[in-house]
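The block underneath contains the structure these notes are about, expressed in structure tokens.
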């Protein structure tokens, strides 16, 4: 905004300067060609009237003007540069010298009125340039004053914009802006804007805090029934051997409990204020991927899916182990859930991990919404009972830790999701 204001005033000053120069030129032209011309003509008429009354009348002679009298037949008494000027003429340059010369003739006699060049310049300067220069200085002064006043008026707005621009909404624990210094210099309009920003930031902070508290409390409350359910499963599985149908049901219940435990841990992780509240260590991503593949192998075999791992480098990331495990686990679990009788390939390079499957894939519109909470593509609804939280959770964790995620997909061909840790 300040740059725009400077640009506006610079344009105004430029226009004023050009107008002033044009005015100086026009003033000089008007003074010389109109005022002096008319003055010399009037002076000549006045002399001829005097001459008619008194042929011995003296020629006009002032500090600004000289005069000469000669007959049409004898011009020898004139200065050489004036002899070639015909009657009823007014010239500004005589023999390369700037002089204003008026020639008039009556009854065979010629009157030459010569206005000195220095006086021409003086008149043009004092009656043209000086007044315009004074006006120009006044305009420049008023423009500068207007600029300073405008700058003072918008300065609080500029400071407010800078504070909003520099505020780290992603990582700052407090979402409340400190605008106390701006209140001291703000006028009524800017103060109204500051109050609105304060109100908005307070409501935003309250909303975020409610979300954190709810997520944390819900996660803790759900742990108890999940633990009871898990303990009951342990007792059932420890009992006598059961028919295949019951074993299959128990295995499905066990997977559901494990998925619920992973989801609760993720929700509790997201409920924490910032990533700085979690201990960081150097994590070997390759080992986590191998561990997740071992966990997913039974489910993959039942779905006719082959798992493949390509390790192009050993990837080390300094981050909380649980966060990296949740990100990798969700991506791999998502790929297995949405693939039937295909392949899931995990590639590890020096910058990140990519998970590619040969599942149902997604259209461009579906891919844009793939990371939205609770969203599931139409063709995937019959494949899994998931709630559409996996990719949404991954994206939130990736953003929270400053990593990046990208996805590519085609319907019927599969999906590739890549996470960059560097």
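Residue numbers (our numbering): 1109 to 1530.
Here a beta-carbon is modelled for each residue, glycine too, at the ideal position from N, C-alpha and C.
- In the stretch 1140-1222, which residue ranges form an unbroken alpha helix (DSSP H) of at least 4 residues, counting only runs that do not cross its ends? 1145-1161
- Message: Suppose the cutoff is 7 angstroms on Cβ atoms and the five residues either side in sequence are ignored; what does the same chain contact list for residue 1435 look like?
- Response: Here residue 1435 refers to the residue found at position 327 of the chain shown. Taken in chain order, the residues that qualify are 1502, 1505, 1506, 1527.
- Item | Spatial neighbours of residue 1190 in its chain, beta-carbon cut-off 6 angstroms, leaving aside the 5 residues before and after | Translated into positions along the chain shown, residue 1190 becomes position 82. Excluding positions up to five away in sequence, the list reads 1220.
- Measure the C-alpha to C-alpha separation of residue 1516 and residue 1450 and round it to an integer number of angstroms. Your numbering for residue 1516 matches position 408 in the chain shown. Your numbering for residue 1450 matches position 342 in the chain shown. Going from the Cα of residue 1516 to the Cα of residue 1450 covers about 18 angstroms.
- Message: At the level of alpha carbons, what is the spacing between residue 1425 and residue 1458?
- Response: Numbered from its first residue, the chain shown carries residue 1425 at position 317. Numbered from its first residue, the chain shown carries residue 1458 at position 350. Going from the Cα of residue 1425 to the Cα of residue 1458 covers about 10 angstroms.
- Task: Over the uninterrupted alpha helix (DSSP H) stretch that includes residue 1517, give me the two end residues.
- Result: The residue you call residue 1517 lines up with position 409 of the chain shown. Element bounds for residue 1517: not the alpha helix (DSSP H) but the beta strand (DSSP E), 1512-1518.
- Query: residue 1171 to residue 1208, Cα distance in whole Å?
  - Reply: Mapped onto the chain shown, residue 1171 falls at position 63. Mapped onto the chain shown, residue 1208 falls at position 100. Straight-line Cα distance between these residues: approximately 14 angstroms.
- What whole-angstrom Cβ distance do residue 1334 and residue 1377 have, given they're in contact under 8 angstroms? If you number the chain shown from 1, residue 1334 lands on position 226. If you number the chain shown from 1, residue 1377 lands on position 269. Residue 1334 to residue 1377, Cβ: 16 angstroms. No contact.
- Sorted by chain position, which residues of the same chain lie with C-beta nearer than 8 angstroms to residue 1181's C-beta, five sequence neighbours on each side aside? For this step, residue 1181 is matched to residue 73 along the chain shown. So the list reads 1216, once near-sequence residues are dropped.
- Item | Same chain only: Cβ atoms within 7 angstroms of residue 1152, ignoring 5 sequence neighbours per side | Against the chain shown, residue 1152 aligns to sequence position 44. Cβ neighbours of residue 1152 beyond the five flanking positions: 1210, 1212, 1219, 1221.
- Item | Identity of the residue in 1476, 1432, 1405 nearest residue 1445 by Cα | In the chain shown, the residue the question calls residue 1445 occupies position 337. Among 1476, 1432, 1405, the Cα nearest to that of residue 1445 belongs to 1405.
- Residues bridged to residue 1451 [DSSP beta-bridge criterion]: As a first step, residue 1451 is located in the chain shown; it is residue number 343 there, counting from the start. Looking at the DSSP assignment, residue 1451 forms a beta bridge with 1414.
- Query: For residue 1415 versus residue 1452, is the C-beta spacing smaller than 7 angstroms?
  - Reply: Working through the chain shown from its first residue, we reach residue 1415 at position 307. Working through the chain shown from its first residue, we reach residue 1452 at position 344. Contact flag set, yes.
- Query: Near residue 1183, what residues of its chain come up, given a Cβ to Cβ distance below 7 angstroms and the 5 sequence neighbours on each side ignored?
  - Reply: Counting from 1 along the chain shown, the entry for residue 1183 is found at position 75. Around residue 1183: 1191.
- Are the CB atoms of residue 1362 and residue 1411 nearer to each other than 7 angstroms? What you label residue 1362 is simply residue 254 of the chain shown in a count that begins at 1. What you label residue 1411 is simply residue 303 of the chain shown in a count that begins at 1. Not closer than 7 angstroms, so no.
- How is residue 1460 classed by DSSP in three states: helix, strand or coil? Within the chain shown, numbered from 1, the residue matching residue 1460 stands at position 352. Correct three-state label for residue 1460: strand.
- So, helix, strand or coil for residue 1465, using DSSP? For the purposes of this step, residue 1465 is taken as the residue at position 357 of the chain shown. Residue 1465 falls in the strand class under three-state DSSP.
- Query: So what does residue 1524 bridge to, in DSSP terms?
  - Reply: On the chain shown, residue 1524 is found 416 positions in, with the first residue counted as 1. Residue 1524 is bridged to 1464, 1516.
- Query: Expressed to the nearest angstrom, what Euclidean distance is found between the alpha-carbon atoms of residue 1518 and residue 1327?
  - Reply: As a first step, residue 1518 must be located in the chain shown, where it is residue number 410. As a first step, residue 1327 must be located in the chain shown, where it is residue number 219. About 36 angstroms.
- Any idea what DSSP makes of residue 1491, helix, strand or coil? Here residue 1491 is taken as the residue at index 383 of the chain shown, counted from 1. The predicted model places residue 1491 with a pLDDT of 49, which falls under 50 and marks its position as unreliable; any figure quoted below should be read in that light. Reduced to three states, the DSSP call for residue 1491 is coil.
- Would DSSP call residue 1426 helix, strand or coil? Within the chain shown, the letter at position 318 stands for residue 1426. Looking at residue 1426 - three-state DSSP - the assignment turns out to be strand.
- Task: Pull up the distance between the alpha-carbon of residue 1214 and that of residue 1133, whole angstroms please.
- Result: On the chain shown, residue 1214 is found 106 positions in, with the first residue counted as 1. On the chain shown, residue 1133 is found 25 positions in, with the first residue counted as 1. So the alpha carbons of these two residues sit roughly 35 angstroms apart.
- Rounded straight-line distance, which links the Cα of residue 1268 to that of residue 1534: This structure leaves residue 1534 out entirely; the chain is present only between 1109 and 1530.
- Please report how far the alpha carbon of residue 1150 lies from the alpha carbon of residue 1157, in whole angstroms. In the chain shown, residue 1150 corresponds to position 42, counting from 1. In the chain shown, residue 1157 corresponds to position 49, counting from 1. Going by the C-alpha atoms only, they are around 11 angstroms apart.
- Task: Below 8 angstroms on the Cβ atoms is my guess for residue 1498 versus residue 1438; work out the distance and round it to an integer in Å.
- Result: Counting from 1 along the chain shown, the entry for residue 1498 is found at position 390. Counting from 1 along the chain shown, the entry for residue 1438 is found at position 330. With 8 angstroms as the limit, residue 1498 and residue 1438 qualify as a contact, their Cβ atoms being about 4 angstroms apart.
- Task: Would you mind reading off the limits of the alpha helix (DSSP H) that contains residue 1329?
- Result: Here residue 1329 refers to the residue found at position 221 when the chain shown is read from its first residue. Counting along the chain, the alpha helix (DSSP H) containing residue 1329 begins and ends at 1296-1346.
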